[in-house]
Amino acid sequence: MTDVTDGVLHTLFRSDQGGHEQVVLCQDRASGLKAVIAIHSTALGPALGGTRFYPYATEEEAVADALNLSRGMSYKNAMAGLDHGGGKAVIIGDPETIKSEKLLLAYGRFVESLGGRYVTACDVGTYVADMDVVARETRWATGRSPENGGAGDSSVLTAYGVFHGMRASAQHLWGDPTLRGRKVGIAGVGKVGHHLVEHLLQDGAEVVITDVRQESVRRILDKHPGKVTAVTDTDALIRTEGLEVYAPCALGGALNDDSVPVLTAKVVCGAANNQLAHPGVEKDLADRGILYAPDYVVNAGGVIQVADELHGFDFDRCKAKASKIFDTTLAIFARAKIDGIPPAAAADRIAEQRMAEARLH
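Residue numbering for the sequence shown follows our numbering, beginning at 816 and increasing consecutively.
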């Protein structure tokens, strides 16, 4: 038995991170497709989560990512009040070199073969145009273009939800649900981050940005001359004097043993997934008096949007649901205080309670 299989079986059946209902390994040699579809839970309904297209170093790394991400989607969907469980798929390879119509159609057939147990959408490396292709082979693809009956770009509502998570954080910490006059640092001003900048400027915040892509930074600075400042990198951002809110909006692992001790902000609230690099970071934040708004709670605007697409997309209905992230975030902070635990642990408890209650019915 290979190391890959050993690792998968250990995670699935013996580790605390397991408990997945189903893991499907997909291969279509004609198109070069190698994919993993992980269904963590269908307790609340069909598993919903995006497809990540990424050049993983090993197959084991790809499987581990699918397992981790799908588990996170169960919690995200539960906290968003959706009637969906958690699932995620990863396609192994560099999308810049191997992505093709043939490959995406083959992937769509695998999604369809699950009979609606898994509903897919966009993630890192996949886009609206890709979901349009996948949807030609399966009815269980969301995040499609408006021309093809979809809702289009979900980053608009993701940013909107993060902004409401920030407002809730401000309410909890400073007694006023506004970022007016507060210095907010955003790491990553791409898909979601540039929309978040707009919300913050409209609210009267002082915004500092950074991004590994200079063109993304330049786009913001050119659009808002004199209103936004930029720093060289994330390390400089988190050390910015007077920073009050830090918004990680790029890849995961932003909160780690190196960044937390030097973070100047009193609030962390951003769009990136899996911000906590490892268990225990949430306690490190709490010990430093830093309020952490759990990532999967505040960035749920996108999944709210793609879930709505299954019922005939209505933007106003989605926006109203995404605005409830404000109340959900406040409820998590309240539960954390009552239970004497960090907000991340409180969010997990609330999500687990909802899933457990669903299994009883």
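Every residue, glycine too, gets a C-beta built ideally from N, C-alpha and C.
So, at 6 angstroms on beta carbons, what are the nonlocal neighbours of residue i in its own chain, with the 5 sequence-adjacent residues on each side left out?
{"i": "H1014", "result": "F978"}
{"i": "Q837", "result": "I854"}
{"i": "S1101", "result": "At residue 1101 the sequence reads Ala, which differs from the Ser that was named. Result list for A1101: P1157, in chain order."}
{"i": "G834", "result": "none"}
{"i": "F868", "result": "I906, P910, G940 and T941"}
{"i": "D1072", "result": "none"}
{"i": "A1063", "result": "Here residue 1063 is Pro; the residue named in the question, Ala, does not match the sequence. Counting only Cβ-Cβ distances below 6 angstroms, and skipping sequence neighbours, we find A1002, A1069, G1085, A1087 and Q1090."}
{"i": "D1099", "result": "V1075"}
{"i": "I1147", "result": "P1158, A1161 and A1162"}
{"i": "V823", "result": "V878"}
{"i": "P961", "result": "G967"}
{"i": "A881", "result": "V851, A853, K903 and V905"}
{"i": "G1008", "result": "I1001 and C1064"}
Taking C-alpha atoms, which residue in the options lies nearest to residue i?
{"i": "G887", "options": "E1172, A1171, A1173 and A1166", "result": "A1166"}
{"i": "L929", "options": "K914, D945, I852 and D947", "result": "I852"}
{"i": "D1110", "options": "N1088, W955 and R1103", "result": "N1088"}
{"i": "A1137", "options": "G1068, S969, R1028 and A845", "result": "S969"}
{"i": "S915", "options": "D947, D1073, V926 and A985", "result": "D947"}
{"i": "R1174", "options": "L859, D1018 and V839", "result": "L859"}
{"i": "I1035", "options": "D1018, R1054, G1005 and A1051", "result": "G1005"}
{"i": "H1093", "options": "I1105, L1106 and G1067", "result": "G1067"}
{"i": "T826", "options": "G864, G847, R844 and A879", "result": "A879"}
{"i": "L1016", "options": "V1007, D1037 and V1043", "result": "V1043"}
{"i": "D938", "options": "D1129, A1122 and G1117", "result": "G1117"}
{"i": "D1050", "options": "P1040, V1027, R844 and G1041", "result": "V1027"}
{"i": "T873", "options": "S889, T866, S885 and K849", "result": "K849"}
{"i": "V934", "options": "D1154, H1126, N883 and E1172", "result": "H1126"}
{"i": "E927", "options": "T957, I913, K1152 and R1033", "result": "T957"}
Apart from the five residues on each side of it in sequence, which residues of its chain come closer than 7 angstroms, Cβ to Cβ, to residue i?
{"i": "T1143", "result": "M894 and V1112"}
{"i": "A1048", "result": "The sequence shown places Asp at residue 1048, not Ala. T1025."}
{"i": "A1115", "result": "K891, M894, A895, G976 and I1140"}
{"i": "V971", "result": "H1010"}
{"i": "L840", "result": "V851"}
{"i": "D991", "result": "A985"}
{"i": "E1097", "result": "L1091, Y1107, P1157, A1159 and A1160"}
Tell me which same chain residues have a C-beta within less than 8 angstroms of the C-beta of residue i, skipping the five on either side of it?
{"i": "E1059", "result": "R997, K998, V999, A1080, K1081 and V1082"}
{"i": "R951", "result": "L920 and G923"}
{"i": "R1103", "result": "V1075, P1076 and L1078"}
{"i": "A1135", "result": "none"}
The beta strand (DSSP E) that contains residue i, what's its start and end?
{"i": "L848", "result": "L848 to S856"}
{"i": "G1179", "result": "Residue 1179 cannot be examined here, being either before or after the span of the chain that is shown, 816 to 1176."}
{"i": "R1164", "result": "Note, R1164: premise wrong, no beta strand (DSSP E); alpha helix (DSSP H) at P1158 to L1175."}
{"i": "D843", "result": "Q837 to D843"}
{"i": "A1062", "result": "V1060 to P1063"}
{"i": "Y869", "result": "T866 to Y869"}
Tell me the residue span of the alpha helix (DSSP H) that contains residue i.
{"i": "T1049", "result": "T1049 to I1053"}
{"i": "L919", "result": "E916 to S928"}
{"i": "R886", "result": "E874 to M894"}
{"i": "D1142", "result": "I1140 to D1154"}
{"i": "D1073", "result": "First-last for D1073: undefined, no H or E at that position."}
{"i": "D947", "result": "V943 to V949"}
Between residue i and residue j, which are expected to be in contact by the criterion C-beta below 8 angstroms, what is the C-beta distance as a whole number of angstroms?
{"i": "G1019", "j": "L994", "result": "7 angstroms"}
{"i": "R959", "j": "P861", "result": "R959 to P861, Cβ: 17 angstroms. No contact."}
{"i": "T857", "j": "G900", "result": "4 angstroms"}
Discussion item. Restricting to runs no shorter than 4 residues, where is the alpha helix (DSSP H) found entirely within the region 983 to 1043?
Written reply: Listed in chain order, the complete alpha helix (DSSP H) runs (minimum 4 residues) inside the region 983 to 1043 are 1008 to 1018 and 1029 to 1038.
Worksheet item: Fully enclosed by the region 1076 to 1138, which beta strand (DSSP E) runs are 3 residues long or longer?
Response: Entirely contained in the region 1076 to 1138, not one beta strand (DSSP E) run reaches 3 residues.
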